[in-house]
Amino acid sequence: MATDGGELRRPTIADREDEYRSRRLLAMISPARVDPFADGDQTPDHRLSTYKDIMLNQQLNKEHRILQSEIIEKSKTGQLNVVNSTAPPTKRRRWDQSSTDTNDDGKTEVSATTPAATTPSKRWGDDSITPSRPGATPGGAVTPGSRSQWDETPGRPKDVSATPGQSVRQWAETPGHLSGAVTPGRDVSGSTLLGGTPSARRNRWDETPHTERYGADTPSHGAGWAETPRADRTPGGSGVESIQDTPSSMVYGPSATPSTAATAAAVAVKRRSRWDETPLKGGVTPGGTPSRTPVGFTPSSTMGVGTPSGPGALAPGSIFTPSGTTPTGMRAMAMATPDFGSANVTLPGAKVPMTPEQLQVYAWQKEIDDRNRPLTDEELDEILPPGYKIMPPPTGYVPIRTPARRLVATPTPMVGTPMGFRIATPDVGTAAGLGMNATGGNAAALGDMQPKGANLPMMRPDDLQYFEKLLQDVDEDSLPPEEAKERKIMTFLLKIKNGTPPMRKSALRQITDKAREFGAGPLFAQILPLLMSPTLEDQERHLLVKVIDRILYKLDDLVRPYVHKILVVIEPLLIDEDYYARVEGREIISNLAKAAGLATMISTMRPDIDNMDEYVRNTTARAFAVVASALGIPSLLPFLKAVCKSKKSWQARHTGIKIVQQISILMGCAILPHLRSLVEIIEHGLVDDQQKVRTITALALAALAEAATPYGIESFDSVLEPLWRGIRTHRGKGLAAFLKAIGYLIPLMDAEYANYYTREVMLILIREFSSPDEEMKKIVLKVVKQCCATDGVEPDYIKAEILPPFFRSFWTQRMAIDRRNYRQLVDTTIEIANKVGAADIISRVVDDLKDDSEQYRKMVMETIEKVMSTLGSAEIDARLEEQLIDGILYAFQEQSTEDAVMLTGFGTIVQSFGKRVKPYLPQICGTILWRLNNKSAKVRQQAADLISRIAGVMKICQEEKLMGHLGVVLYEYLGEEYPEVLGSILGALKAIVNVIGMTKMTPPIKELLPRLTPILKNRHEKVEENCIDLVGRIADRGSEYVSSREWMRICFELLELLKAHKKSIRRATVQERQNRVCTTVAIAIVAETCSPFTVLPGLMNEYRVPELNVQNGVLKSLAFMFEYIGEMSKDYIYAVTTLLEDALMDRDLVHRQTAMTAVGHMALGVYGFGCEDALLHLLNIVWPNVLETSPHVVQAFMFCVEGLRVALGPNKILQYTLQVSE
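The C-terminal residue of the sequence shown carries number 1222 in this note's numbering, and the numbering is unbroken.
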């Protein structure tokens, strides 16, 4: 759980994704597409996208991105300039005519007072060409100019008395006016029809906004905003309006005044904006047609509250005239506020709607009051037992119903003061109620995340946007079929995502069974957005992917219109860093391909092949590889051939070749039958014009060669020559790709050719040894390793030509820092050592064991350890031996952080030398003893582990005295407080006991074992395992050195260990099982050594514990005990018969399996001792297990029957068998 601001936060997938993988969240889920196979010859639904629509849209996007990139490049180089507005006019089109032209081809002359016509604007948004707008001049001549596509209908004549230059555009500029002239568009008697000169360039900030309500100045004109107040207005023909006055919402020109109410109603045809309307107060009648001249009066809006027509005038329905100040007091109380919900949600005692903050406080307060309300008499009668009496209250008592917090609260000066605005939501303030009864978004706001419905899991805040409808308490029977289906799917998905395992299993089964009933569209409409959620976790994604996998099987070909939707969501799984996510993604796409068919998959993914986005092309290539593995490579070969040879775009060729690469990576040697075809498809890419295509072709050839190893060199004949030319002409990443292809091809060649090509390519490789590029170094090391491993390459050539530059360039401290190159360097060095021998390699690096860089020393130690474990120490001379021992001692002692590399390397080197290490053992043991006394627990643990590794070598060197000394020191350290260190000390003691024997062990066994008894109570896994193993070995080889009383104590401690099922910290099952096996074996050894009667009573008593792990452990101990004690079983068979009866009749398979194993061992032990009656009784209980199908139970049954056959004779078993066969 991650910590965010002191709170625990669940880790999501998005938290661990890098920038590249997180681009999946930017993808859009595409709409459903046409399924031509389902529609047949019918006309496809126009609401669905066809293949033609997708390709056309992609082409437009591609052109758009190319244009953007060109603009950016030109802006960087300074070539992006503004086109001169006085450019010569181009050919005139019919929509370029002036406003006074009609549909004929008549032309008007240019007035001397009008600016020259400019080049027409070609496209919307093309600001490089500024259109010149026609305007009315005093002479009445109009300039022909261009029109944008937003101008009024071409050819329609304008009224000469209308506002000059008026257009139907929403953002039309304010008409120009001459100084001293009458403002155009005002109703002033006697005014002349003079218009201002229009500006050459229109600016949307210079224009006068207009409302969309009826009564706009021109019948065809409507704007989205209210009109901006102008200082040149003349109300009533004289005076200037105040800036605080409400602007006129309708200005009538001489030719635009509606003459009738019908005309005015016809004008109001455009969408009304709720932002422009005066708030509606209940009971006020909307205003009608204006009754005054519209010079200084704005008619009342449709909302019903009038606006004053001028200073000092009151409009119908208004209370006062705004004067620029904020209304306060009782006058403001009657002003309506824009309502965000229902008019019923008002403040108590006032007819004013609540603000969101007030609503939240009110809801919270109401819920608190509901919870803390006094109990009624009826409720008290139900709670209290009979006999209680209701006492009358004192005279004059009046209960206080107002909480104390309200009495001391600061009074609000004005109730209903607006505190904000909130867009209406359907659930806030509805009749569904507030507080405990809140539903929908209102419930979520109040913290109620429990869906309304039976047995639904709690919803998290992240789920609200997907499952909000489940918070509404509705009658599902009254819902329309589509809504009911949507709610049902939502219920199943919530159970799968957040429910318990049984709930999840049931919902998964139901949604799978009803998949065809629900339909593909509703299902994917809810599942796919969930998978795109940025807060999704790995477990949730796994469950949702499982849902898709199962419903794909049910829907079959119904998924065709939704293939691209699914791919958009599933393709990112193919590049996820989690292996299991990649496997799931491949499984889904494979099933999708089988359900939809090859043609649908190709037509769906074809547009993405040459997508401009590299991320989309990458995921598409991987998806195509999965399709090829599902439907077969031959079916995809014709399509791949066409794509890889596409001349339309290099992106298509690049993606096609990448598909071939991914197919070879995914399918491995399964490509061998099609290897030649695949190589022929991509071979032309090596000489492509695009560098990226050449690079991906070389990488694809490398992947093909790797998958075909060690076969198929004849299929690559056609590409050897271009590859050879490529490594001589390319540099950088291209060269790295070509070298990688050569490196995978050389091991496929015969020895003679491999030797020739290696010598040729090695010149390039040695040159690139000094490359600073880390990726190039990695590839060079890989190619060197492949070349040196080839049969035709001679050791003398490697020693003379490769080793000197190799060690000079690569064996540096810098290489040890980068983990990727570190691993590759070690592997390459080991491969060279296999060719030239261990001595040549070790002699070059042995001095580096004393390097000042610890990381570099670790790399040297790991290399020497792997070389000596593979090749041994036969080639190492005495001088190199001394250097090596001295170096490993120095490196071991100078560790700052204890690493397994140093420990493993030290132990391997000492074991490899064998007897040759005897002169150095005193020095090595001195180092170990000194580190055993170190204050660091890690150092002590490492020293003890080293003893267990070199104990066998000390035995070979006959250093028993030295080992005895180490044993005494380890015995003294059995009081170690750190369990990890104590476990290592016990392991070292066990190693010494194994090699030195019981008689020579110091301290003596009789002193060592009592010290181990209390350690058996330690519940650390490492301590348990090593201690039990040590006790078992002592019991096996030196039981006579310890008294029976001590063995009895140990037996009871071992019985306690049978209960070690680790409830607090669940460890790996293997370790848990290993501990139990060690315990049971130790008990069996003790029983054999000290007679079974010392162990059997305790075991039988422990079986009474009603716990599965304990009983299984007892049965396992009995099985081992009867195996060890052999014919002593005859004395105890009747004692354990009833226990085995109970185990053989248990419902648990493991119980019966273990009990049958015990019976089998016991039967073999008592053969010939007259115990057939008990065995026959047990056979009757064992025999019904013949019908079991579990492999383990069947195996145990067969073993038990074989043991009983020996003890009872084959005739008895034959009788039972014949009864079954009948």
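For every residue, glycine included, the Cβ atom is placed at its ideal position computed from N, Cα and C.
Q. Between which two residues does the alpha helix (DSSP H) harbouring A1196 extend?
A. 1191-1208
(Q) Assuming C669 is part of the alpha helix (DSSP H), what are its boundary residues? (A) C669 -> no alpha helix (DSSP H), and no H or E assigned at all.
(Q) Let's see if you can read the secondary structure: which residues bound the alpha helix (DSSP H) around K1237? (A) Shown here, the chain extends from 1 to 1222; a query on residue 1237 therefore has no answer.
Q. Below 8 Å, can you find three or more Cβ-Cβ pairs linking the stretch 554-562 to the stretch 518-529?
A. Judged by Cβ distances under 8 Å, the stretch 554-562 makes contact with the stretch 518-529, as three or more pairs qualify.
Q) Taking DSSP as the reference, what is the three-state secondary structure of R694? A) helix
Q | Proximity winner among I996, V545, L982, relative to R1019 (alpha-carbon distances) | A | L982
(Q) Under 8 Å: do the stretch 698-714 and the stretch 733-748 share three or more Cβ pairs, one atom per stretch? (A) yes
(Q) Could you tell me the alpha carbon to alpha carbon distance between I496 and I551, rounded to whole angstroms? (A) Taking the straight line joining both Cα atoms gives about 14 Å.
Q. Does the separation of the CB atoms of G662 and R622 fall below 8 Å?
A. For the sequence presented, residue 662 should be read as Gln rather than Gly. Yes, Cβ-Cβ distance for Q662 and R622 is below 8 Å.
Q. Does the beta-carbon of L1176 have 16 or more other beta-carbons within 10 angstroms, so that it is buried, or is it exposed?
A. L1176 is exposed by the Cβ-count criterion.
Q | Range of the contiguous alpha helix (DSSP H) that encloses E834 | A | Before going on, a small fix: residue 834 reads as Asn here, not Glu. 819-836 is the extent of the alpha helix (DSSP H) around N834.
Q.
Please list the terminal residues of the continuous alpha helix (DSSP H) segment that includes T908.
A. 900-913
Q) Between L669 and I657, which are expected to be in contact by the criterion C-beta below 8 Å, what is the C-beta distance as a whole number of angstroms? A) The displayed chain sequence assigns Cys, not Leu, to residue 669. Incorrect: roughly 20 Å between the Cβ atoms, too far for contact.
Q: With a threshold of 16 other CB atoms inside 10 Å of the CB of A878, please say whether the residue is buried or exposed.
A: exposed
Q.
Can you check which of these residues, E1141, G1160, M1100, is closest to Y1124 by C-alpha distance?
A. G1160
Q: Grab me the residues of G914's own chain with a C-beta within less than 7 Å of its C-beta, minus the 5 sequence neighbours each way, in chain order.
A: V953, I956
Q. For the candidate residues Y1132, F1122, D1131, L1139, whose alpha-carbon lies nearest to that of T1105?
A. Per the sequence presented here, residue 1105 reads as Val, with Thr not at that position. Minimum Cα distance to V1105 is reached at L1139.
Q.
Taking the beta carbon of L1030 as the centre, do at least 16 other beta carbons fall within 10 Å, making it buried, or is it exposed?
A. buried
(Q) Give me, in chain order, the residues of the same chain whose beta-carbon lies closer than 7 Å to that of V545; leave out the 5 immediate sequence neighbours on both sides. (A) E584, I588
Q: Below 6 Å CB to CB, which residues in the same chain sit around L1227 once its five sequence neighbours on both sides are set aside?
A: No answer is possible for residue 1227: it lies beyond the span of the chain, which begins at 1 and ends at 1222.
Q. When you compare only the Cα positions, how much space is there between L678 and L567?
A. Taking the straight line joining both Cα atoms gives about 25 Å.
(Q) Can you list, in chain order, the residues of its chain with a C-beta nearer than 7 Å to that of V867? Leave out the 5 residues immediately preceding and following it. (A) I830, A833, A838, I841, I842
(Q) So, for V780: in the same chain, excluding its five sequence neighbours on each side, which residues have a beta-carbon less than 6 Å away from its beta-carbon? (A) L765, E768
Q: Say whether the stretch 625-636 touches the stretch 57-67, bearing in mind that this needs 3 or more beta-carbon pairs closer than 8 Å, one atom from each stretch.
A: As far as the Cβ criterion goes, the stretch 625-636 does not touch the stretch 57-67, which means the pair count is below three.
**Q.** Beta-carbon proximity list for F906, same chain, < 7 Å, skipping 5 on both sides
**A.** Excluding its 5 nearest sequence neighbours in each direction, F906 has C-beta neighbours in its own chain below 7 Å: I888, F892, L946, listed in chain order.
Q: Could you check if V160 is buried or exposed, using at least 16 other CB atoms within 10 Å of its CB as the buried criterion?
A: The pLDDT assigned to V160 is 43, lower than 50, so where the model puts this residue is not dependable, and the model offers no usable value.
Q: State the start and end residues of the unbroken alpha helix (DSSP H) segment that holds G1160.
A: 1149-1165
Q: Would you check if the distance between the CB atom of Y822 and the CB atom of M859 is smaller than 8 Å?
A: The Cβ-Cβ distance between Y822 and M859 falls below 8 Å.
Q: Could you pull the start and end residues of the alpha helix (DSSP H) that I64 belongs to?
A: Residue identity check: residue 64 is His in the sequence provided, not Ile. Unbroken alpha helix (DSSP H) run through H64: 51-77.
Q. Among E1007, M1001, P1092, which residue has its Cα nearest to the Cα of F1120?
A. P1092
Q | Selected residue, minimal CA-CA separation from L543, among V563, H564, T512 | A | T512
Q. Is it a yes or a no for the stretch 808-820 touching the stretch 793-800, going by three-plus beta-carbon pairs under 8 Å?
A. No, because fewer than three Cβ pairs between the stretch 808-820 and the stretch 793-800 fall closer than 8 Å, the two stretches do not touch.
Q. Around the Cβ of T600, are there at least 16 other Cβ atoms within 10 angstroms (buried) or fewer (exposed)?
A. With 16 or more other Cβ atoms within 10 Å, it is buried.
Q: In angstroms with no decimal places, state the Cα-to-Cα distance between T257 and T355.
A: Residue confidence for T257 is low, a pLDDT of 44 falling below 50, so the modelled location carries little weight and cannot support an answer.
**Q.** C-beta contact flag for G726 and L686 at 8 Å
**A.** yes
Q | Those residues which DSSP pairs with R33 across a bridge | A | S49
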